[in-house]
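In what follows, a structure is listed as structure tokens, so that the remarks can point back to it.
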């Protein structure tokens, strides 16, 4: 049972809690297929999308999720880089909190910001991505998508490819998939996958050909071109040569393998069109499932008296 | 929990459901326009039985749907921390249809209120009729059933427990009381 | 100032003393030390059951004045020191303006005469504007009263400037204090680079950021001579480098902060900026090596790196908050309780680390000892006094302590500077 007031990360959730969220999300899928795509479950609740880092898709996904549950939603965007000089994060939140919202959905460039918010706010908090730390709803929607295609989350080999170092998506996915009987393999340029990651119970294979061998799921991460100033790899040309998922490489995976990507795709870098648009790609299912998962999360953290711990 | 009385057993339930099925047939001349929608969890089982009885009696194939009213409840913040959503399955168009809404027990009327809200989100039925196995009184909303298996006077402290073979292993209706009162 | 301290357990490593004795201070200096001393006209401190130490010296403090008086100033910083049992502080040069000329040094000294509760010894910058390019006028600054030189906050960035400073020491024998950090390797890191911080998604500062500069400095010193004191060691490998240098008879010393001795990186899991400082809190293995280094004599001093920031500055997201924590008011009690009373180090070693050695490194000849004729600076600890660390009671303007809420047994109750009681904590 998922009985928490906040969803700050996947780390620390039990398999049972994850299953409960995914089961609820699966039930939510149907709501988005109706002609009236709305249920009154969160009528009268106010959700604040607190985005200190631009992200149109995650924001829209949370917005639709809240609205399909009949919650009222407002969007607040701040620039996290200017916060040092302007109004602090804390003051911003306290100001908004004075308007009595119920849930903050927070996206921020700094790891730990969602947790930090809970130390001075009374509202429920959903982490929509904090720095390189966690992006729990992304991992949950990925899990829902895998479950829909593979039937279960156990007995799978999952290969995660790309910039693991800066990726909150990778971390949350590792935490989630580790709760199941999975083999997780990371692949990408060595400076972007320090060996310390193996402490998280995953394998590291810098040769992508070997990494995808027999994989059931190949999860491609976005290369953040703006983050590549720290000379993590010499050039995109070289990245493409060694870490692009090509048809030839994908042929080494299981014949029913699916290809995932959290978006937005850098076409021609992580993936070529022939894979992104192929029947192996479940990228658009991920997007649809994003709404269902976020509905489930908003719904579940609203349930009950909130006397339970976080 | 203490069982105070066993008010219906398997044969009684079977004959009651048969009577209810006949009443539905009698009141709905355009039987092919009727669709049965069960409210989770036990309303679904009773609805399926009614559906089979009507099929047997009239040879008619009716549409059947399942309603999960969890997302329509008005007590999200008081039912405790673990609301479980199992999902709604209505894969036919409800507009213009005569909907027979089925539940096991009619009590405060709040579940039915939620179910009515839910159904109208799927379209605009011609009529919605309510069928329940037990009406135990104590209504908090102006809602009445169209088809009642048994009217059961109860006190508010008592709990009416409908047990069905498919879920509970046997068919019976019990009145139980929480101990410690 | 005249004072007599009766019946305390006097600890003085410089005289190999650990005995119940009386101390007579006359005109601010230690005049007599012995049993059953009498001085009827002198103010008397009853130290029965208490520990009496040569005054403690914090050789690494940021008093923030001039320029950042909103964080701390010489008055509040030294009040905090007094309340924490510290009788002397050496204050770092990263003020505004930077203490890279004798004008700023003189200002600090003059200001301290007017407002300071304890002795203040300025540290000058090594390079002009701390840019690491040009040596400061070490002679003028030393004459004005600086006791050492440091670009603390930054390393001495140019290897050549460091070489020149060491060479210049032959003329101006003042310690060079190195903040050992390769700024490129640190990058925009905010916490230790380790499996934990990779997991938390916090940008890491590798240990090599510290050791690379220590190794560089040692090699330059091996070539040209001189002496260097390494500030705030944080890693196991740094301890090893210092140990090797000492084995090779190189003139290096090192200090460690109370937070690196008592905390490890696990605290960062709370994402609280109260655990954000440079160098970062490192692994438990590193922490244990630092404690070992203290025991074995590889590390010479405990210093606070007292770095006051306002609550507004510090109450930010972990990544945005400034580095640094305060320590003047808690170092003595914490180390006494957690390391001395628990049997990790002796009371002698404790007095060496906080008094004798800092005095020696900074060249404070009249301090760090209770020999007759030395300054009457004394710290008295009540080993039974229980304290819960409470920021509301801090004398410092800042509250950014990582030890808030810690329960400590054993706390300074008298701070005496030149025979004058500047802090009396018996009655509260």
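Protein chains in written order, with this note's numbering: chain F, 1 to 310; chain P, 1001 to 1181; chain G, 2001 to 2428. Yeah, the Cβ is synthetic: ideal placement off N, Cα and C, and Gly gets one too.
Here's the rule I'm using: 16 or more other beta-carbon atoms within 10 Å means buried, otherwise exposed. How should residue 2279 of chain G be labelled?
buried
Tell me the rounded alpha-carbon separation between residue 2353 of chain G and residue 2017 of chain G.
16 Å
Beta-bridge partners of residue 2178 of chain G, as assigned by DSSP:
G:2230
Which residues in chain P sit within 7 Å of residue 30 of chain F, going by Cβ to Cβ distance?
1087, 1088
So for residue 2090 of chain G, helix, strand or coil by DSSP?
strand
Whose C-alpha, out of P:1163, P:1095, P:1087, is nearest the C-alpha of residue 1007 of chain P?
P:1163
So, using beta-carbon positions, are residue 2331 of chain G and residue 2274 of chain G closer together than 8 Å?
no
May I ask which residues mark the beginning and end of the alpha helix (DSSP H) holding residue 2104 of chain G?
2102 to 2115
Just to confirm, is the Cβ distance from residue 2372 of chain G to residue 2030 of chain G under 8 Å?
yes
Let me know the alpha helix (DSSP H) ranges lying completely inside the stretch 2320 to 2400 of chain G, each 4 residues or longer, listed in chain order.
2331 to 2335, 2347 to 2351, 2357 to 2362
Taking the straight line between their C-alpha atoms, what separation do you get for residue 2313 of chain G and residue 2321 of chain G?
6 Å
Cα-Cα separation between residue 2413 of chain G and residue 2356 of chain G, rounded to whole angstroms
20 Å
Just to confirm my understanding: we take residue 1021 of chain P, look at its own chain, exclude 5 residues before and 5 after, and list those with CB closer than 6 Å. What are they?
1050, 1053, 1054
What in chain F is Cβ-close to residue 1122 of chain P, meaning under 9 Å?
34, 35, 36
Which first and last residues belong to the alpha helix (DSSP H) in which residue 2270 of chain G is found?
Looking at the DSSP string, residue 2270 of chain G is not in any alpha helix (DSSP H), and its letter there is neither H nor E.
Rounded C-alpha distance that separates residue 184 of chain F from residue 257 of chain F:
14 Å
Can you check whether the C-beta of residue 2198 of chain G is within less than 8 Å of a C-beta belonging to chain F?
yes
Along the chain, where does the alpha helix (DSSP H) that runs through residue 260 of chain F open and close?
It is not in any alpha helix (DSSP H) - residue 260 of chain F instead sits in the beta strand (DSSP E) that spans 258 to 260.
Residue from F:102, F:266, F:173, F:120 with nearest C-alpha to residue 13 of chain F
F:173
May I ask which residues mark the beginning and end of the alpha helix (DSSP H) holding residue 348 of chain F?
The question about residue 348 of chain F has no answer here: the residues shown for chain F are numbered 1 through 310.
By Cβ distance below 8 Å, which residues in the same chain neighbour residue 1033 of chain P in space, the five residues on each side in sequence not counted?
1096, 1097, 1098, 1126
Sort out for me which residues DSSP pairs residue 2306 of chain G with in a bridge.
G:2061
Check whether the stretch 2116 to 2124 of chain G and the stretch 2076 to 2086 of chain G touch, using three or more Cβ-Cβ pairs below 8 Å as the test.
yes
Which term fits residue 2155 of chain G, buried or exposed, when burial requires 16 or more other beta carbons within 10 angstroms of its beta carbon?
buried
Using a Cβ cut-off of 8 Å (strictly closer), state whether residue 2319 of chain G contacts chain F.
yes
Is it buried or exposed for residue 1010 of chain P, if we count other Cβ within 10 angstroms and need 16 for buried?
exposed
How many Å lie between residue 51 of chain F and residue 294 of chain F at the Cα?
16 Å
Mind listing the chain F neighbours of residue 1071 of chain P? Cutoff is C-beta to C-beta under 8 Å, in chain order.
31, 39, 40, 41, 69, 299
Which chain F residues are close to residue 2014 of chain G, counting only those with a beta carbon under 9 Å from its beta carbon?
In chain order: nothing, as chain F lies at least about 46 Å away.
Got a sec: which bits of the stretch 2304 to 2334 of chain G sit with their beta carbon under 8 Å from any beta carbon on chain F, in order along the chain?
2312, 2315, 2316, 2317, 2318, 2319, 2320
Chain G residues whose Cβ lies nearer than 7 Å to that of residue 98 of chain F:
Neighbours of residue 98 of chain F on chain G: none; closest Cβ ~18 Å, over 7 Å.
Do we get a CB-CB distance below 8 Å when we pair residue 1135 of chain P with the residues of chain F?
no
Among F:127, F:109, F:39, F:200, which one has its Cα closest to the Cα of residue 68 of chain F?
F:39
Alpha-carbon to alpha-carbon, residue 2400 of chain G and residue 97 of chain F
26 Å
Using a C-beta cutoff of 8 Å, does residue 2132 of chain G count as contacting chain F?
no
Tell me the DSSP secondary structure of residue 2279 of chain G in three-state form.
coil
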